[in-house]
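Colleague: This is the structure I want to talk about, given as structure tokens.
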Amino acid sequence: MLISSFVSIFGSIFMHRRLAFSFIAVFVPVAFAQPPTPGPDTTFYEAPLDEEGYVDYVAALNAEFNDPPVKPETNAFLGILNQVDTTDWPEGHIPALYSALGVEQPNDDRQLFITFMEYADVRGLPQAPPFDWENAAPDEEPPPPPAGTADAMEERAYSKPWTAEELPEVARWLDSIEVPLDAIVEATKLPTYYAPLVRPHEYATMIEILLPHLGTHRAIGRSLSMRARMNLAVGNLDAAIDDWAAIKRLGRLQKQEPFLICNLVGISLQPLSHDLLALILSQPGIEAQHIQEMRDIMNRLPTGESMARVIQRCERVMPLDLLTRASRGQVDALEMIQVMQSLVLRNEPVTYAVRVPEPDPLTGLISDPKFDLDRALRRGNAAWVGWFGDVPDDYQAFAASVQHIEADIHQRSAAAMQQAQRLLQIGKTGIPESADIGLIVDQTADLILAICTPGFSAAIRTERQSDAQASLEPTALALERYRLDRGQYPPLLQSLVPDYIEALPPDMFSNKSLRYRRDGAGYMLYSVGTNLVDDGGIHDFSDGDIVLRVPWSLEN
């Protein structure tokens, strides 16, 4: 397989790995290599250690993200969790989660949050046939859902303001979840957030940690967006602003979790709130008090973890944990690669049953007493520091550094894959006394790095795009306040300073002024985006301009 295909397939699966991963294994204890030497250059985290002297990475991350300890009554994550239907979450996950939170699981008959499609299942509403993503072309998109299906109703409710007469089923669903959804809005106002990591089984690697709440939080954001549009249709700006604020807060709170996928889900809520803000600013009933309220909300938003810090500290433990678990014989490393890549590297089928496997060749190699685990961990840490030790704040400097990072990752991955079969053969027979052990260890470490290093640079780029979009919003509020006072938008952004905004933020990509164009009775405010080219306000979040346009329209 071409290395580019390998990285593409693995990267895609890596991004979704924690949403649903159910491999469970039971291993027979045997004698393996000694624990590694704890230290920042080997295990990275030095404590806590388990009873055998190995770093417990789940406990280490939980301790870091729960410092100082979060009280249950101020924990926004727990407040949200208590309001959602977790019936479809992995078996055993909820009791373990509540145990880690130090509280008892609610056991009553309260109405809980469910998505509209779950409601549609209960109601027996017709649904569009599922799209065959597995066999779709890379650029193929699902067709529009057939009229009259629940999918079409949801898409309509999510697109523009609507009334209960237009979408009665969606209105009934929102009415049925009003109590839990209102409670979730209030929970997002709590001052702390802690979502503990729990292992699905004793020998689970960090890669297998389950995070089913991510999909639920995304669904909550969409539901709030739909409800806000219903309220805007009847002129209830106050209720719409409340839901907009909850989406903003939820996105920031979600970014307080330790993994890349958690951060990305938080980022995915930013476009929901951004689009809703433009829609709110386009309403004829908006007043100065609404603008001030939204300013106050934005000034009080919780802070989230930066993508760079998540990568530097949290994602780093993935290869370290996999190496350490394999050295103990606690993970069938090669089969895990099979599952994650959906590749058949051996002739036996991929299964998810509880079993007692013999160590596979890769685990056999890493658990060989002659394998220098400290050296492998140091190599992994050194590579990580070289790639992600200093992520520049300036986008143009970052873009230049990305080329070197990706070239080195590609080179290491290609070299590792070329040696994969030889390393697996050594794992079957044992490391010969005459072998260059240092070379074998280095190549094995590079193989694990290739497996555990998805498209981090693309993730950081996405974060910069999201931040650029959010940076437009304070200026948009200032523009609206100017219009309310003076009857029209200003001819130049500089006219806002200092009465309506202290200083104009720069374009996060070009480091120059934001672009501003009057457009009829409204305006376009935009960043040039990652291509650093002024495309005239043509919105293209993937590469081109990042735009906020008032008045809002579905076409824009």
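Counted the way UniProt numbering counts, the sequence shown spans residues 1 to 556. The beta-carbon is built from N, C-alpha and C at its ideal position, and this holds for glycine as well.
Which two residues bound the contiguous alpha helix (DSSP H) that contains Ser513?
Modeller: Counting along the chain, Ser513 falls outside any alpha helix (DSSP H), and DSSP gives it neither H nor E.
Colleague: Measuring CB to CB, does Gln283 end up less than 8 Å from Leu232?
Modeller: yes
Colleague: Alpha carbon to alpha carbon, how far is Ile177 from His217?
Modeller: 15 Å
Colleague: If you reduce the DSSP assignment to three classes, tell me which class Arg549 lands in.
Modeller: Note: Arg549 maps to strand in three-state DSSP.
Colleague: Please work out which residues of its chain come closer than 7 Å, Cβ to Cβ, to Pro145, disregarding the five sequence neighbours upstream and downstream, and give them in chain order.
Modeller: Ala128, Asp151, Ala152, Glu155
Colleague: Please classify His274: does DSSP put it in a helix, a strand, or coil?
Modeller: helix
Colleague: Check whether the segment 267-279 and the segment 220-236 touch, using three or more Cβ-Cβ pairs below 8 Å as the test.
Modeller: yes
Colleague: Could you please give me the residues that DSSP links to His539 through a beta bridge?
Modeller: Asp545
Colleague: Is residue 557 helix, strand or coil when you go by DSSP?
Modeller: For the chain, the structure presents residues 1 to 556; residue 557 sits outside this window and is missing.
Colleague: Who are the near neighbours of Lys428 in its chain, counting only those whose CB is closer than 6 Å to its CB and skipping five residues on each side?
Modeller: Pro361
Colleague: Along the chain, where does the beta strand (DSSP E) containing Tyr526 start, and where does it finish?
Modeller: 522-527
Colleague: Would you check if the distance between the CB atom of Gly537 and the CB atom of Arg518 is smaller than 8 Å?
Modeller: Using a Cβ distance threshold of 8 Å, Gly537 and Arg518 do not count as a contacting pair.
Colleague: Tell me which residues share the same chain as Asp442 and place their Cβ nearer than 7 Å to its Cβ, disregarding the 5 neighbours each side in the sequence.
Modeller: Arg379
Colleague: Is the beta carbon of Leu253 less than 8 Å from the beta carbon of Pro302?
Modeller: yes
Colleague: Three or more C-beta pairs closer than 8 Å, one from the segment 180-197 and one from the segment 231-251: is that the case here?
Modeller: yes
Colleague: Determine contact between the segment 188-199 and the segment 47-63, defined as no fewer than three beta-carbon pairs at a distance below 8 Å.
Modeller: yes
Colleague: Quick check: the Cα distance between Ala278 and Gly522, rounded to an integer number of angstroms?
Modeller: 11 Å
Colleague: Can you find the residues in the same chain that come closer than 8 Å, C-beta to C-beta, to Asp85, ignoring five residues on each side of it along the sequence?
Modeller: Leu112, Phe113, Ile114, Glu118
Colleague: Name the two residues that bound the continuous alpha helix (DSSP H) containing His290.
Modeller: From DSSP, the alpha helix (DSSP H) with His290 extends over 288-299.
Colleague: I need the DSSP call for Thr324, collapsed to helix, strand or coil.
Modeller: helix
Colleague: Counting only the same chain and skipping the five closest in sequence on each side, list residues whose C-beta sits under 8 Å from that of Met508.
Modeller: Tyr395, Arg464, Asp467, Ala468, Ser471, Ser527
Colleague: Helix, strand or coil, according to DSSP, for Thr192 in the structure here?
Modeller: strand
Colleague: Could you check which residue in Ala137, Thr188, Trp173, Ala96 has the C-alpha nearest to that of Arg300?
Modeller: Measuring from the Cα of Arg300, the nearest candidate turns out to be Thr188.
Colleague: With 16 other CB atoms within 10 Å as the buried threshold, where does His274 fall?
Modeller: buried
Colleague: Select from Arg325, Glu257, Gln292 the residue whose C-alpha is nearest the C-alpha of Glu305.
Modeller: Glu257
Colleague: Using only CA atoms, which one of Arg483, Tyr489, Leu479, Met524 lies nearest to Ala503?
Modeller: Leu479
Colleague: Where do the ends of the alpha helix (DSSP H) carrying Asn62 lie?
Modeller: 57-65
Colleague: I'd like the span of the alpha helix (DSSP H) that includes Gln396, first residue to last.
Modeller: From DSSP, the alpha helix (DSSP H) with Gln396 extends over 395-429.
Colleague: For Ala63, which option in Tyr45, Ala76, Phe77 has the closest C-alpha, if you only look at C-alpha atoms?
Modeller: Tyr45
Colleague: How would you write the range of the alpha helix (DSSP H) that Phe116 sits in, first residue to last?
Modeller: 116-123
Colleague: Is it true that the CB of Leu439 sits closer than 8 Å to the CB of Arg412?
Modeller: no
Colleague: Could you have a look at Leu49 and say whether DSSP puts it in helix, strand or coil?
Modeller: Of the three classes helix, strand and coil, the one that applies to Leu49 here is strand, per DSSP.
Colleague: Tell me, please, which residues DSSP counts as bridged to Asn75.
Modeller: Thr192
Colleague: Please go through the same chain and pick out, in chain order, the residues whose beta-carbon is closer than 8 Å to the beta-carbon of Pro506, but skip the five residues on each side of it.
Modeller: Lys512, Ser513, Leu514
Colleague: Evaluate Thr74 with the Cβ neighbour count: other Cβ atoms within 10 Å of its Cβ, from every protein chain shown; 16 or more gives buried, anything less gives exposed.
Modeller: Answer is exposed; the Cβ neighbour count stays below 16.
Colleague: Assign Phe77 to buried or exposed, taking buried as 16 or more other Cβ atoms, counted over all protein chains shown, within 10 Å of its Cβ.
Modeller: Buried.
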